[in-house]
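When we follow UniProt numbering, the leftmost residue of the sequence shown carries the number 1, and every step to the right adds one.
For each residue, glycine too, the CB sits at the ideal point set by N, CA and C.
Small disclaimer: the values here were computed from a predicted structure and weren't measured.
Below is one structure, written out as structure tokens, with a few remarks after it.
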Amino acid sequence: MAFRAPTLIALGAVTLLSGCSAFRNYDSELAQTNQQLATGNVDAALTLLEKNNTGPDKDLLYYFEKGELLRAKGDLSGSQNAWTSADQVVGKWEDSVKLDTDKYLAQFGSFLVNDKVRRYEGYDYEKVMLTTQMALNLLAVNDFDGARTAIKKTHEREAVIADLRDKEYLKSEEEADKEGIKTQYKDLQGYPVASLDAPEVVGLKNSYQSAFSHYLAGFVYEALDEKDLAAPGYRKAAELRPNTPLLEQALVNLDKPVKSDDSDVLIVVQSGLAPARDSIRVPLPLPISNNVVITPLSFPIIKPDTSTATFAQIGVDGQQLNLTALNSTTAMSRRALRDDMPGIIVRTMVRAITKGVAQKKINETNPLAGLAVGISSAVLEGADTRTWRTLPDTTQVVRLRLKKGEHQVTLPSAVGGTLVKVTVDQRYQVISLRAVGNQVFAAGLAAHVTPSAGTTAVASLKQP
Numbered sequence: 001m002a003f004r005a006p007t008l009i010a011l012g013a014v015t016l017l018s019g020c021s022a023f024r025n026y027d028s029e030l031a032q033t034n035q036q037l038a039t040g041n042v043d044a045a046l047t048l049l050e051k052n053n054t055g056p057d058k059d060l061l062y063y064f065e066k067g068e069l070l071r072a073k074g075d076l077s078g079s080q081n082a083w084t085s086a087d088q089v090v091g092k093w094e095d096s097v098k099l100d101t102d103k104y105l106a107q108f109g110s111f112l113v114n115d116k117v118r119r120y121e122g123y124d125y126e127k128v129m130l131t132t133q134m135a136l137n138l139l140a141v142n143d144f145d146g147a148r149t150a151i152k153k154t155h156e157r158e159a160v161i162a163d164l165r166d167k168e169y170l171k172s173e174e175e176a177d178k179e180g181i182k183t184q185y186k187d188l189q190g191y192p193v194a195s196l197d198a199p200e201v202v203g204l205k206n207s208y209q210s211a212f213s214h215y216l217a218g219f220v221y222e223a224l225d226e227k228d229l230a231a232p233g234y235r236k237a238a239e240l241r242p243n244t245p246l247l248e249q250a251l252v253n254l255d256k257p258v259k260s261d262d263s264d265v266l267i268v269v270q271s272g273l274a275p276a277r278d279s280i281r282v283p284l285p286l287p288i289s290n291n292v293v294i295t296p297l298s299f300p301i302i303k304p305d306t307s308t309a310t311f312a313q314i315g316v317d318g319q320q321l322n323l324t325a326l327n328s329t330t331a332m333s334r335r336a337l338r339d340d341m342p343g344i345i346v347r348t349m350v351r352a353i354t355k356g357v358a359q360k361k362i363n364e365t366n367p368l369a370g371l372a373v374g375i376s377s378a379v380l381e382g383a384d385t386r387t388w389r390t391l392p393d394t395t396q397v398v399r400l401r402l403k404k405g406e407h408q409v410t411l412p413s414a415v416g417g418t419l420v421k422v423t424v425d426q427r428y429q430v431i432s433l434r435a436v437g438n439q440v441f442a443a444g445l446a447a448h449v450t451p452s453a454g455t456t457a458v459a460s461l462k463q464p
């Protein structure tokens, strides 16, 4: 019994840890939630979210997901409240980074703690898209001043992220040299390297700056007659997505007057769901106690969402118009992973080597305890699969001049052939549509659609 005690204790600890919230299967939870969203049952999606987050201490992801689900339901106030809570969490992260960047990097870069048990702080693109989505909520009720505040915060957040990542990537290179680790993600046998090296991923300047966010900023500043701020927004968008006529034309048209009976309308169509993260095990040779041991290690991969058909046109008053893609969450997510992989590899390999040496020593005196440690490591080690899953994947826009009054917007049969009636009554106006599965959500109102039904969703965009 004395001999078995360490084993039983270790196995008991594994059992307890495997039931801990840190080891929840987040991807599975959100797959069920998003399935309800894709069928138009937003209340059921919200019920699942609450069921899976019963504790009093709600995390960042809870507020991310709740805000997007409430937005789909039409509760823009509730959505904004949830996202305000998320923004406060991100704000605390910003404060800790600005207060002592080196200390933050030292804590985050610890080799001893697995990524999936760290406090979730959100990926950079999620932090930026948070304030962008908050701006869209405000623009749905024509609150351009409120949207301006959210956009200003977006720009400030980008600056914090840029400074942090420059230092983090340099530190990661230094740690790799110090530990003698030369392995790169391209060396991982069986890893989907091509997905991280795709042109749409490599072509991004970074993982967090979105052409859509900056174009929306330009539109808001223009609407507020702050053209000296609108121009930089449009220029930045064009820099992030070059050779895009819509972005180039925005600068050309900036000084052209709008007729008093016309409205400058930006239709924003967001479709699909953000990609999931999964874990893949890759065998790597590790130097453990003067021996080379082939050890399977876990690394994250990106799994694109397939819930929603792609489309590139919408109809406005019977006329088919081409949409311009300005953002891909899948591409941004892959770029984030591509940039993070050097640090992930260093942390994973150093942690595995350290545990391997410790397990070998235990094996020499107590083989069963060593076995328990090995089992514990297998349970505890794994790639972090948490990510904001209800975030829209693709953001496309079309900009046009419309007479004030009622208009009809139609989406293709791929997403139900939905007809949305909108009332245009502002000089500048933003109309937001969201397609998931064959459902369309317009200004917060759900449209229950089948491909052949053409059900109508009525979205009043008047100032409340």
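So, is glutamine 319 buried or exposed, given that buried needs 16 or more other C-beta atoms within 10 angstroms? exposed
Valine 346 to serine 172 span [Cα, whole Å]: 8 Å
What are the start and end residues of the beta strand (DSSP E) that includes valine 268? 262-271
Identify whether tyrosine 26 lies in helix, strand or coil by the three-state DSSP scheme. helix
Using C-beta distances below 6 Å, list every residue in its chain close to aspartate 115, excluding the 5 sequence neighbours before and after it, in chain order. Asp384
Taking the alpha carbon of arginine 281 as the reference point, which residue from Asp177, Gly40 and Gly382 has its own alpha carbon closest? Gly382
Please report the residue range of the alpha helix (DSSP H) in which arginine 157 lies. 144-179
With a cut-off of 8 Å on the beta carbons, I'd call leucine 419 and glutamine 408 a contact; round off their distance for me. 6 Å
Between which residues of its own chain and phenylalanine 219 is the CB-CB distance below 6 Å, once the five residues before and five after are set aside? Leu266
Give a yes or no on whether the C-beta atoms belonging to lysine 331 and valine 128 are separated by under 8 Å. With the sequence shown as reference, residue 331 is identified as alanine, and lysine is not the correct amino acid for it. Contact flag unset, no.
Could you check if glutamate 239 is buried or exposed, using at least 16 other CB atoms within 10 Å of its CB as the buried criterion? exposed
Would you kindly work out how many angstroms separate the C-alpha atoms of isoleucine 344 and isoleucine 181, rounded to a whole number? 12 Å
Inspect the CB distances between the stretch 309-326 and the stretch 388-402 and report whether three or more fall short of 8 Å. yes
From methionine 349 to alanine 442, what does the alpha carbon distance come to, in whole angstroms? 47 Å
In angstroms with no decimal places, state the Cα-to-Cα distance between glutamine 429 and tyrosine 221. 12 Å
Which partner residues does asparagine 284 have in the DSSP bridge list? According to the sequence provided, residue 284 is leucine. The question's asparagine does not apply to it. The partner list for leucine 284 (beta bridge, DSSP) reads Thr295.
Cα-Cα separation, leucine 136 to lysine 178: 46 Å
Would you call the stretch 72-85 and the stretch 35-49 touching, i.e. three or more CB-CB distances under 8 Å? yes
On the DSSP bridge assignment, give the partners of glutamate 406 in chain order. Thr423
Coil, strand or helix - glycine 437 by DSSP: coil
Let me confirm a value: leucine 99 is counted as buried when at least 16 other C-beta atoms fall within 10 Å, else exposed. Which label applies? exposed
For serine 452, the three-state DSSP class (helix, strand or coil): The predicted position of serine 452 is uncertain, since its pLDDT is 39 and thus under 50; no value can be drawn from it.
Nearest-angstrom beta carbon gap, aspartate 393 and glycine 272 [assumed within contact, 8 Å]: 3 Å
Taking just the CA atoms, how far does alanine 435 sit from alanine 309? 9 Å
Can you check which of these residues, Phe144, Val422 and Leu30, is closest to leucine 433 by C-alpha distance? Val422
In DSSP terms, what glycine 315 is bridged to: Gln320 and Thr410
Measure the C-alpha to C-alpha separation of leucine 188 and glycine 437 and round it to an integer number of angstroms. 34 Å
Is the shortest distance between the beta-carbon of methionine 129 and the beta-carbons of chain C less than 8 Å? Any reference to chain C falls outside this structure, which holds one protein chain only.
How about glycine 356 and leucine 286: are their beta carbons less than 8 Å apart? yes
Out of Val269, Leu48, Lys236 and Gly233, state which residue places its alpha-carbon closest to the alpha-carbon of valine 316. Val269
Go through the stretch 62-119 residue by residue and report every complete run of the alpha helix (DSSP H) that reaches 4 residues or more, in order. 76-99 and 101-108
Reduced DSSP category for residue 465 - H, G, I as helix; E, B as strand; rest coil: Lying outside 1 to 464, the shown extent of the chain, residue 465 is not represented and no answer is given.
Tell me the DSSP secondary structure of lysine 303 in three-state form. strand
Is DSSP giving glutamine 133 helix, strand or coil here? helix
Leaving out five residues before and five after threonine 80 in sequence, what residues of the same chain have Cβ atoms less than 7 Å from its Cβ? Position check: residue 80 holds glutamine in this sequence, whereas threonine was assumed. Here the set comprises Met134 and Asn137.
Is aspartate 59 closer than 8 Å to tyrosine 123 when the C-beta atoms are compared? no
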